[in-house]
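There are 4 protein chains.
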Amino acid sequence: MAAKRKYVRSDELRAAIADLVDANHIIADQGVVDGFGHVSMRHPTNPLRYLLSKNVAPEQVSAADIMEFDLDSVPIDARGRSPYLERFIHGAIYKARPDVNSVINAHSPWVLSFAANKIPLRPMHNKAAFLAGGTPIFDIRDHFGATNMLVTTPEQAEALARALGGSAVLLYRGHGHVAVGPSLRVAVFRAYYAEFNARLQARSMALGGPITFVEGEEAVLADETMQRVDTRPWDLWKAKVKAKSKGTSSGRARR
Amino acid sequence: MAAKRKYVRSDELRAAIADLVDANHIIADQGVVDGFGHVSMRHPTNPLRYLLSKNVAPEQVSAADIMEFDLDSVPIDARGRSPYLERFIHGAIYKARPDVNSVINAHSPWVLSFAANKIPLRPMHNKAAFLAGGTPIFDIRDHFGATNMLVTTPEQAEALARALGGSAVLLYRGHGHVAVGPSLRVAVFRAYYAEFNARLQARSMALGGPITFVEGEEAVLADETMQRVDTRPWDLWKAKVKAKSKGTSSGRARR
Amino acid sequence: MAAKRKYVRSDELRAAIADLVDANHIIADQGVVDGFGHVSMRHPTNPLRYLLSKNVAPEQVSAADIMEFDLDSVPIDARGRSPYLERFIHGAIYKARPDVNSVINAHSPWVLSFAANKIPLRPMHNKAAFLAGGTPIFDIRDHFGATNMLVTTPEQAEALARALGGSAVLLYRGHGHVAVGPSLRVAVFRAYYAEFNARLQARSMALGGPITFVEGEEAVLADETMQRVDTRPWDLWKAKVKAKSKGTSSGRARR
Amino acid sequence: MAAKRKYVRSDELRAAIADLVDANHIIADQGVVDGFGHVSMRHPTNPLRYLLSKNVAPEQVSAADIMEFDLDSVPIDARGRSPYLERFIHGAIYKARPDVNSVINAHSPWVLSFAANKIPLRPMHNKAAFLAGGTPIFDIRDHFGATNMLVTTPEQAEALARALGGSAVLLYRGHGHVAVGPSLRVAVFRAYYAEFNARLQARSMALGGPITFVEGEEAVLADETMQRVDTRPWDLWKAKVKAKSKGTSSGRARR
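Sequences listed follow chains D, E, H and C, in order.
Each residue of the first sequence is one higher than the one before, counting from 3 in the working numbering.
Each residue of the second sequence is one higher than the one before, counting from 3 in the working numbering.
Each residue of the third sequence is one higher than the one before, counting from 3 in the working numbering.
Each residue of the fourth sequence is one higher than the one before, counting from 3 in the working numbering.
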């Protein structure tokens, strides 16, 4: 019966999906991803599931595209929608990291250079203090030899999750970076500021001389503070994508 | 009585607040700040007070968000609005510098690299001549050990104001820069051109060979001239933000 | 008789022309070309002909501008339209490379520096894996002495096609680069990611230290995978240009 | 009598002014100038006069702002409009160079670094071939000691014109660059591609190794060809500014 297949979403789930759609548009608008890349969040009421779009460019994701997966990255109710080839990254990290509730696979250009050169990111400013926990570099070739440079199996995803360890960000050689956080907002914040920091760090390296990084206790305190104000950039970035879809180019509400 | 609490603003104050709102939008539109950062101005009729938005991204500030503070950075009539954590920077500078009527805490990316590398900015062109007065570098760690990298106490703000001395710009390691001026327009001009100059200076350093800076009497004369034409970029930048909020992307009036 | 001159296009040809017009707008919007540069495709039903716009900036191409040429680059039915001076590049490559169904002459800035310095591009990430097949550098001066730096004769175009050999991309000193592909979408993808890769490679070279490129079997596998997902960026880029022409600045459909 | 003061413009003059207004908007839109900078053209029917906007940001110029000057840069009929302080640059060049019919004082950022480092620009690609004629560097300090870094007297302007000699572009230390051409379109083209070339040249210098420039006979031929196709970028750039003022962000006409 058609009625039987009707999918019912709780208010909590609806709100989570709306946030996830916004996050997709934000990371596209802010240059964190291009036509590829993906952002997921743990299911708001079932920690053994996560939410992730079907296989579409983040900028074009809508609520109907959001699929539900178990932690083995098996779709719960695909209804004909094709998932991302790399969804296993998300499931493996949610399994390995109970503290993580959002995962982003980003394709920001500056970070790619650090990954290719095997140079870890180190925080240049307070908003990137989360980088002080380390930015391990994952080279799939070291683990699996010649691949198509995508993480497309549970085994590959587990190796990536092991490389990530307890860090907030992992550099993925020849592909991009992965940012995780306790919430969708913090993960978006980290994906964005990892790229921002890579740009600053590259420029400081070019200027020459010693660089003073944010480090030690200072980094811990700065990160704690920034996590408490994650609403500020989120609200701004969200206003920008909403304004764009209305045909204005400003992130200000019209008052 | 409710009527008693009604807040009456003079025409002069209204005009000042309108300018301050424009300045918030301009510094966001011109990339001087991101979701964080703030701009204040001294109260137009009471030099012992200053005006600063509540805790919101500069791009989203409206007139109703503008709060009044005394020079200890205590809000006069908060009406439930939360102030910026770092408002003390503004109060301390207004106390220490009677010549200053506007303060900006900027987060421009290029300047951050100069701050991290402890390389002073030096003027590359006539519009940045104000940099010839020196760009001291403030590292909060040198004064207060491990902090969350924000200036959140009167003592920290006083240390920053002392470091600023009589300069127009201070580089704030791991955080951003502070630009001050005799007027809101000049402060906005300086915050913008400090970043513009950092970009030029980094590129000139990369090109190699000696760099001819604007210096000495030349810098004094250039700065005097530029302060007299501060209306030109202000009018342009203001037209741009007005046009954006109307859904066009041009700074030209339609005639 | 006027009716006799009416030009009849098959549905298949109409669809191909619509795609080619979109490709023109996409490469302009994505910065692959400026006011100059051109994109062609092999005729969908006659492999001895190709389609290319008349002499106009890619951003301004419309369906009525698309001309048909034989492989000697002679227009079939010009109807007063002036062709590009450099159309011979397209004809010569279609002759030499039966596997190629689309050719782009790009003017992206980063690639120009690699051409001038005679440094080949090498793939920094999975999406640029097609570069692993080599990026020969063509200097017209080596073959023809002083020219106006345009390929404007069949002989010059044949020399360029010989230099291209079996590669996907050729760097054209002092002018730009040429990207080819088995389809219009793949050629657009390659023209775009060649520039993206040049930027990454330049930055990695500046960071110092050894760079891990995508290479060998890994590059072959990555390229095969990326060619299968060429619809994703195409759909996104196309949505962006459609949205722009409607006055919004977002690539999202309004739903 | 009021009627007597009515200013009558010939059709030819009207067309020239319309072009000049477009040129102002184009150079702002393309980043050749910021809030400052200016573009002039020789009067279409009186070679002893030139046309230049009143003192306003180029992006905001309209037809009513265009003033007429004699070659001593004295306004013919100011009607209360304030001229640019630096108008003398224009008059001095028109006097010294009968072949020049348009002058642009640009403020593009990359060129400023070459001026400060006293490194001449050399053409990296066919569209910048006009640079092969030399890019002399003018340092006002060498001639006049400490100034406000503006060319504000006939003497200073004559020194600049002498430094320019027969070249198409002059680098003006600490200020910007000057581009001249036989027509408004060619001057705009040159101002734009001088900046584009500076960016390429800086990147090539950073990549290391010898750079192959466009030079000798090749540069002469390339420049001749490019001058014949100056309509193409002009039409595109003009369409972009027209589209912006209508609230779309595309340079395509809607068809």
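Just so you know, even glycine gets a beta-carbon here, dropped at the ideal spot from N, CA and C.
Original post:
In angstroms, rounded to a whole number, what distance separates the CA positions of D225(C) and A131(C)?
Top reply: In this structure, the straight-line span from the alpha carbon of D225(C) to that of A131(C) is close to 5 Å.
**OP:** Look at the alpha carbon of W236(C) and the alpha carbon of F191(C), and state the distance between them as a whole number of angstroms.
**Re:** Their backbone Cα atoms lie some 8 Å apart in a straight line.
Subject >> P125(H) classed as buried or exposed, judged by whether at least 16 other C-beta atoms fall within 10 angstroms >> reply: The residue is buried, with at least 16 neighbouring Cβ atoms inside 10 Å.
Subject >> Secondary structure of R256(D), DSSP reduced to three states >> reply: Low confidence applies to R256(D): its pLDDT is 36, below 50, so where it sits in the model is not reliable enough to give any reading.
Original post:
For M69(D), which of helix, strand or coil comes out of DSSP?
Top reply: DSSP places M69(D) within a strand segment (E or B) once states are collapsed to three.
Original post:
If you compare alpha carbons, which of Y194(H), V216(H), A20(H) and L73(H) is closest to R99(H)?
Top reply: Nearest option by C-alpha distance: L73(H).
Original post:
Would DSSP call K242(E) helix, strand or coil?
Top reply: In the structure shown, K242(E) sits in a helix (DSSP, three-state: H, G or I).
**OP:** Give a yes or no on whether the minimum CB-CB distance between H177(C) and chain E is below 7 Å.
**Re:** Taking Cβ atoms only, chain E reaches closer than 7 Å to H177(C), which makes this a yes.
**OP:** Give a yes or no on whether the minimum CB-CB distance between P122(H) and chain C is below 7 Å.
**Re:** For P122(H), the answer is no, since every Cβ of chain C falls outside 7 Å of its Cβ.
**OP:** Mark I78(D) as exposed unless 16 or more other C-beta atoms lie within 10 angstroms of its C-beta, in which case mark it buried.
**Re:** Around the beta-carbon of I78(D), fewer than 16 other beta-carbon atoms lie within 10 Å, marking it exposed.
**OP:** Would you check if the distance between the CB atom of L166(C) and the CB atom of I139(C) is smaller than 7 Å?
**Re:** No, the Cβ-Cβ distance between L166(C) and I139(C) is not below 7 Å.
**OP:** Measure from the C-beta of S252(C) to each C-beta in chain H and report whether the shortest distance is under 7 Å.
**Re:** With a pLDDT of 45 at S252(C), under the threshold of 50, the modelled position of this residue cannot be trusted; read the value that follows with caution. It does; some Cβ of chain H falls within 7 Å.
Subject >> Where the beta strand (DSSP E) through L172(D) begins and ends >> reply: Unbroken beta strand (DSSP E) run through L172(D): V171 to Y174.
Subject >> Three-pair Cβ contact test at 8 Å for the region 30-50 of chain H versus the region 83-101 of chain H >> reply: With the cut-off at 8 Å, the region 30-50 of chain H and the region 83-101 of chain H touch.
Subject >> Bridge partners - A118(E), DSSP secondary structure assignment >> reply: Answer is none; A118(E) lacks a bridge partner.
**OP:** Identify the contact partners of D141(H) in chain C, using a Cβ-Cβ distance below 8 Å as the criterion.
**Re:** In chain order: T214.
**OP:** Look up V105(D) in the DSSP assignment and say whether it is helix, strand or coil.
**Re:** DSSP, read as helix, strand or coil, puts V105(D) in strand.
Subject >> Buried or exposed by the 16-neighbour rule on C-beta atoms within 10 Å, applied to T47(D) >> reply: Exposed.
Subject >> Nearest-angstrom Cα separation, counted from F198(C) out to A59(E) >> reply: For A59(E) and F198(C), the distance between alpha carbons rounds to 34 Å.
**OP:** List the residues of chain H that T149(D) touches, going by C-beta distances under 7 Å, in chain order.
**Re:** By Cβ distance, chain H contributes E220 and L223.
**OP:** Output the distance between the C-alpha atoms of N57(E) and L15(H), rounded to the nearest integer angstrom.
**Re:** Each residue's Cα considered, the two are about 58 Å apart.
Original post:
By DSSP, does Y194(C) sit in helix, in strand, or in coil?
Top reply: Residue state, collapsed to three classes: helix.
Original post:
What residue from L54(E), R11(E), N119(E) and G135(E) has the CA that sits closest to A221(E)'s CA?
Top reply: Closest option to A221(E), judged by alpha-carbon separation, among L54(E), R11(E), N119(E) and G135(E): G135(E).
**OP:** Would you mind sorting T170(D) into buried or exposed? The rule is 16 or more other CB atoms within 10 Å of its CB.
**Re:** The identity of residue 170(D) in the sequence shown is Ala, whereas the question assumes Thr. Buried: at least 16 other Cβ atoms inside 10 Å.
**OP:** List the residues of chain E that L202(D) touches, going by C-beta distances under 8 Å, in chain order.
**Re:** Chain E residues near L202(D): P111, L114, S115 and A118.
**OP:** Determine, using beta carbons only, whether A161(H) comes closer than 7 Å to chain C.
**Re:** Not an interface residue.
**OP:** Give the residues of chain H in contact with G37(D), contact being defined as C-beta atoms less than 7 Å apart.
**Re:** Neighbours of G37(D) on chain H, chain order: R234, P235 and L238.
Subject >> Per DSSP, the bridge partner or partners of Y52(E) >> reply: Note: Y52(E) sits in a beta bridge opposite R44(E) and F71(E).
**OP:** Spatial neighbours of R7(C) within its chain, please: CB distance less than 6 Å, with the 5 preceding and 5 following residues excluded, ordered by chain position.
**Re:** Here R7(C) scores only 44 on pLDDT, less than 50, and its place in the model is too uncertain to base an answer on.
**OP:** Report the partner residues of G183(D) according to the DSSP bridge assignment.
**Re:** The partner list for G183(D) (beta bridge, DSSP) reads S104(D).
**OP:** Could you work out which residues of chain C lie near L209(E), taking near to mean beta carbons separated by less than 8 Å?
**Re:** For a Cβ distance threshold of 8 Å, residue set S115, F116, N119, I121, A204 and M207 of chain C lies close to L209(E), ordered along the chain.
Original post:
If S104(E) and L162(E) are in contact, beta carbons under 8 Å, what's the gap, nearest whole angstrom?
Top reply: With a beta-carbon spacing of about 16 Å, S104(E) and L162(E) fall beyond the 8 Å limit used to define contacts.
Original post:
Given that A241(E) touches chain C, what residues does it touch there, using C-beta distances under 7 Å?
Top reply: Per Cβ cutoff of 7 Å: Q62.
**OP:** Please classify K8(C): does DSSP put it in a helix, a strand, or coil?
**Re:** Because the pLDDT of K8(C) is 49, which lies under 50, any placement of that residue in the model is unreliable, and the question is left without a value.
**OP:** Reducing DSSP to helix, strand and coil, say where P138(H) ends up.
**Re:** Reduced to three states, the DSSP call for P138(H) is coil.
**OP:** Starting from the Cα of L238(E), find the closest Cα among H27(C), S12(C) and A20(C) and give me that residue.
**Re:** For the residues H27(C), S12(C) and A20(C), the minimum Cα distance to L238(E) belongs to H27(C).
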